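Heads up, the thing below is written out as structure tokens.
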Amino acid sequence: MKLLTLDDLEKKASQRIEKSVFDFWQSGAGDLSTLKENRNAFSRYKIIGRTMVDVSRLDTSPKNELFGKKFRAPIGVAPSSHHTLASPRGELATAGACENTKVPIGLSSYSNYSGAEVKDAAPNSAVFFQLYVFKNRKVSEQLVRRAEQAGYKAILLTSDTPYLGQRYADARNNFRLPRNVRLGNFEDLDDGKGNKIKIPHPVEQKKGDSQTASNVIDPSLNWAETIPWLKSITNMQIWAKGIICGEDAQLAIDAGIDGIWVSNHGGRQLDETLPTIEALQDVVDAVKGRVPVHLDGGVRTGADIFKALAIGADFVWVGRPALWGLACNGQKGVEKMLEILIKDLSITMGLAGTPSVADISRKSIVRFGPRY
Ligand code: FNR
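In full-length UniProt numbering, the protein residues as written are 1 to 372.
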């Protein structure tokens with residue numbers, strides 16, 4: 001089977017990966033409404049193809065540098081957990097693919113390889129360290145300090161997970177992580193009093209286990225307390241992931257956040273919330289260019305990326321497609337996935353009469369159909 005699109009990679013990955021793991025990747029919360037809408041909503045926007053524009057030179061590089069780096073395209077790999085379930089080199093392979101393709105990656109707290117190991121594999125691309133803040137703040141503090149020491153540029157604070165969304169597929173499958181899976185960032189953690197701590201992944205919890213997701217992740221996070229605390233322990237930038245409305249974007253900026261990442265966790269958290277592409281305009285309007293705005297959720301084609309850029313996103317990220325690429329062919333599979341997206345963005349730009357990313361504007365698209 002020729003692998004020409006991300007859908008092709010998804011199909012091939014589904015044939016290669018054990019069902020319960022593939023379901024864990026694909027799953028969404030509740031009745032999957034937001035998961036599906038993340039994809040569907042993109043087609044409510046249409047591109048105005050302008051003709052007779054000199055598009056003999058196409059430049060997909062982002063309008064602005066990210067952390068002083070010029071990447072090849074405003075595309076990156078969003079943080080997701082446990083890449084060794086897809087391929088033995090896990091995040092080393094994913095990050096290596098990003099490095100070779102010259103795009104950034106955000107590393108999950110729940111990566112199997114540690115932040116330092118991944119940074120070694122991808123010194124330019126490994127820029128975001130995604131953070132869950134645990135009830136035991138000492139744990140998160142150590143993760144942050146290690147990320148800073150390893151050379152990450154920003155903490156990507158996941159703000160949409162005070163509780164784990166209800167993912168019925170995982171519950172039905174009784175999904176458990178294999179015993180031998182490493183949690184690279186949690187090795188040799190102590191509680192500050194010399195006691196070792198192990199933080200299990202929420203989906204690993206057994207029924208009746210005292211460390212359920214809600215017991216591990218701190219549900220009391222708020223702008224007034226959490227951001228000053230983070231700023232007191234690191235000089236890295238702090239970005240907020242999981243913002244879905246302008247009002248929260250404004251509160252994030254008031255709290256001193258350095259960047260906004262529009263996301264609904266790939267439809268895995270609050271079901272029936274807005275698809276990200278529909279939330280983007282409100283966020284962009286509220287932010288007014290004061291900090292960068294990034295987006296993930298259902299991005300699968302060059303046209304999707306183009307539409308997000310047209311509404312005002314500075315960067316667009318993909319989650320599941322990296323896992324599909326890894327499952328298909330390790331690092332090379334992720335490179336293939338990224339090359340498909342970059343080529344598709346480039347052709348879309350050429351056909352839309354926008355030779356550079358800076359030429360893509362709100363006038364490049366129209367929205368039709370009912371508003372939310
Ligand atoms: C995720 N995502 C995620 N986000 C996060 O902040 N920390 C994490 O550890 C994870 N883990 C994770 C695992 C899996 C299997 C998936 C599919 C997703 C969410 C991720 O960063 C991103 O928001 C979505 O995946 C984007 O949507 P798409 O591209 O998958 O549709």
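Just so you know, even glycine gets a beta-carbon here, dropped at the ideal spot from N, CA and C. From a predicted model like this one, the values you see are computed outputs, not experimental measurements.
Shown here, residue 30 sits in coil according to DSSP, grouped into three states, outside any helix or strand. DSSP, reduced to helix, strand and coil, places residue 299 outside both helices and strands of the structure shown, so it counts as coil.
Buried is the label assigned to residue 140, since at least 16 other Cβ atoms lie within 10 Å of its Cβ. As computed with DSSP, residue 130 is found in a beta bridge with 156. Using a Cβ distance threshold of 8 Å, residue 284 and residue 293 count as a contacting pair. Within its own chain, the residues whose Cβ lies closer than 6 Å to the Cβ of residue 234, once the five positions on either side in sequence are excluded, are 144, 148, listed in chain order. Residue 97 places its beta carbon less than 8 Å from that of residue 331. Every residue whose beta carbon comes nearer than 5 Å to a heavy atom of the ligand FNR appears here in chain order: 25, 78, 79, 80, 81, 108, 110, 130, 158, 263, 265, 266, 296, 297, 298, 318, 319, 320. Counting other Cβ atoms within 10 Å of its Cβ, residue 262 reaches 16 or more and is therefore classed as buried.
The region 29 to 46 makes no contact with the region 185 to 195, as fewer than three CB pairs between them are under 8 Å. Residue 299 is not a Cβ neighbour of residue 310, given a cutoff of 8 Å.
According to the DSSP secondary-structure assignment, residue 284 is paired through a beta bridge with no residue. In the pairwise beta carbon analysis, the region 84 to 96 is classified as touching the region 111 to 127: at least three pairs are separated by under 8 Å. Comparing C-alpha distances from residue 135 to each of 161, 120, 146 shows the shortest one belongs to 161. Straight-line measurement puts the Cα of residue 32 at about 8 Å from the Cα of residue 268. The DSSP assignment places complete beta strand (DSSP E) segments of no fewer than 3 residues inside the region 43 to 89 at 45 to 47, 75 to 77, in order along the chain. Between residue 295 and residue 276, the CB-CB gap stays under 8 Å. Straight-line measurement puts the Cα of residue 356 at about 45 Å from the Cα of residue 216.
Burial is judged here by how many other beta carbons sit within 10 angstroms of a residue's own beta carbon; residue 306 has at least 16 and is buried.
Only residues of its own chain outside the window of five on either side were considered, and among them 104, 124, 127 have a CB closer than 8 Å to the CB of residue 69, listed in chain order. Contact between residue 243 and residue 364 fails: their C-beta atoms lie close to 24 Å from each other, not under 8 Å. For residue 352, the enclosing alpha helix (DSSP H) stretches over residues 320 to 352. Rounded to whole angstroms, residue 121 and residue 95 show a C-alpha spacing of 7 Å. Take residue 17, set aside five residues on each side of it, and the residues of its chain with a beta-carbon closer than 6 Å to its own are 327, in chain order. Counting along the chain, the unbroken beta strand (DSSP E) around residue 367 starts and ends at 365 to 367. Collapsing the DSSP output to three states places residue 166 in coil.
Here residue 150 carries a helix assignment [DSSP, helix/strand/coil]. Residue pairing for residue 259: DSSP places it in a beta bridge opposite 239. Look at the beta carbons and you see the region 165 to 183 not touching the region 249 to 256: under three pairs across the two are nearer than 8 Å.
Distances from the CA of residue 76 to each of 270, 99, 174, 50 were compared; the closest alpha carbon is that of 99.
Cβ contact annotation for residue 249 (same chain, cutoff 7 Å, sequence separation greater than five): 243, 260, 283, 286, 287, in chain order. Within the same chain, and ignoring the five residues on either side of residue 317 in sequence, the residues whose Cβ sits closer than 6 Å to its Cβ are 76, 78, 296.
Here residue 156 is near residue 241, since their CB atoms are less than 8 Å apart.
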